[in-house]
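Student: This structure is in structure tokens; I'll ask about it shortly.
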Amino acid sequence: MGFKRTSEPLAISFGLTESAPNTFTQEEIALQLDVLNNEVFVVLAVDLNCSPPDAQAGVDSAMSAQVASTSQPDIGSLAVTNIMAITERTIRAAGFVDGGVGFSHFSGETPTADLDYIGIIATNNFFFGLEGSNNLGAKTASGRLWGYRARADATTYAALVQSEILSA
Numbered sequence: 001m002g003f004k005r006t007s008e009p010l011a012i013s014f015g016l017t018e019s020a021p022n023t024f025t026q027e028e029i030a031l032q033l034d035v036l037n038n039e040v041f042v043v044l045a046v047d048l049n050c051s052p053p054d055a056q057a058g059v060d061s062a063m064s065a066q067v068a069s070t071s072q073p074d075i076g077s078l079a080v081t082n083i084m085a086i087t088e089r090t091i092r093a094a095g096f097v098d099g100g101v102g103f104s105h106f107s108g109e110t111p112t113a114d115l116d117y118i119g120i121i122a123t124n125n126f127f128f129g130l131e132g133s134n135n136l137g138a139k140t141a142s143g144r145l146w147g148y149r150a151r152a153d154a155t156t157y158a159a160l161v162q163s164e165i166l167s168a
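All residue numbers for the sequence shown refer to the numbering used here, where the first residue is 1 and numbers rise by one.
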């Protein structure tokens, strides 16, 4: 590894409400890293929770939230390199006369493999976004990110920052 741990594990909690119903809303969360000393944040795990979508007869609805190392234009998927975790709750009710059937998808709060970490944030912040679909009111989501601070050597730091910025 090209970095050395400089702190004990930290838990960073966050929460957000949509700016309007069914509107992608994103918040930048500052990590206050010491960029002059090549400090990075090593992400160990992410836990996300979002409010349930509205159950309406005959209408599909959804609620999604994500954590990313760079700003995102909308809710993405794990296929996007900088998205570290995503959660989705949906209700499939199209064609039903009642509230439909609920489904949940979570991108593993705890990795199933024996990983040292799930991501490294090299810039000074991360982004938490959420968006509902076909809901009557604004929805909320919250999360917690676990990790530790580390100091990277100059070459590793430069590569991490460049990779993060170029893949945004």
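From the three backbone atoms N, C-alpha and C, an ideal C-beta is built for every residue, glycine too.
#1: Between the alpha carbons of leucine 145 and isoleucine 12, how many angstroms are there, rounded?
#2: Determine the DSSP secondary structure at tyrosine 117, reduced to helix, strand or coil.
#3: Do the region 12 to 29 and the region 115 to 123 meet, that is, are 3 or more Cβ pairs less than 8 Å apart?
#4: I think serine 61 touches isoleucine 75, with their Cβ atoms under 8 Å apart; what is that distance to the nearest whole Å?
#5: Taking just the CA atoms, how far does isoleucine 91 sit from aspartate 54?
#6: By Cβ distance, which residues of its chain are closer than 8 Å to leucine 10, with the 5 residues on each side in sequence left out?
#7: Pull up the distance between the alpha-carbon of glycine 58 and that of serine 142, whole angstroms please.
#8: Secondary structure at leucine 44, three-state DSSP: helix, strand or coil?
#9: Out of curiosity, what's the CA-to-CA distance linking proline 52 and serine 69?
#10: Within 10 angstroms of its Cβ, does arginine 5 collect 16 or more other Cβ (buried), or is it exposed?
#11: Alpha helix (DSSP H) containing isoleucine 29: first to last residue?
#12: Could you give the residue range of the alpha helix (DSSP H) that holds leucine 166?
#13: In its own chain, which residues sit with a C-beta less than 8 Å from the C-beta of valine 101, not counting the 5 before and 5 after it?
Tutor: From the atom records:
#1: Locating residue 145 in the sequence shown gives position 145, counting from the first residue. Locating residue 12 in the sequence shown gives position 12, counting from the first residue. So the alpha carbons of these two residues sit roughly 5 Å apart.
#2: Position 117 of the sequence shown, counted from the first residue, corresponds to residue 117. Coil at tyrosine 117, not helix or strand.
#3: no
#4: Walking along the sequence shown from the start, residue 61 turns up at place 61. Walking along the sequence shown from the start, residue 75 turns up at place 75. Not a contact, Cβ separation roughly 14 Å.
#5: Numbered from 1 along the sequence shown, position 54 holds the residue referred to as residue 54. Numbered from 1 along the sequence shown, position 91 holds the residue referred to as residue 91. Spanning the two alpha carbons is a distance of roughly 8 Å.
#6: The residue you call residue 10 lines up with position 10 of the sequence shown. Closer than 8 Å at the Cβ level, and outside the excluded window around leucine 10, lie Trp146, Gly147, Tyr148 and Arg149.
#7: In the sequence shown, residue 58 corresponds to position 58, counting from 1. In the sequence shown, residue 142 corresponds to position 142, counting from 1. Between glycine 58 and serine 142, the C-alpha separation is close to 28 Å.
#8: Here residue 44 is taken as the residue at index 44 of the sequence shown, counted from 1. DSSP places leucine 44 in strand when its eight states are reduced to three.
#9: In the sequence shown, the residue the question calls residue 52 occupies position 52. In the sequence shown, the residue the question calls residue 69 occupies position 69. Distance between the alpha carbons of proline 52 and serine 69: 25 Å.
#10: Locating residue 5 in the sequence shown gives position 5, where the first residue counts as 1. By the 10 Å Cβ count, arginine 5 comes out exposed.
#11: As a working note, residue 29 is residue 29 in the sequence shown. Looking at the DSSP string, isoleucine 29 is not in any alpha helix (DSSP H); the run it does join, the beta strand (DSSP E), is 25 to 30.
#12: Within the sequence shown, the letter at position 166 stands for residue 166. Taken as a continuous stretch (DSSP letters only), the alpha helix (DSSP H) holding leucine 166 covers 154 to 166.
#13: Along the sequence shown, read from residue 1 onward, the residue named residue 101 stands at position 101. Only Ile91, Arg92 and Ala93 meet the Cβ criterion.
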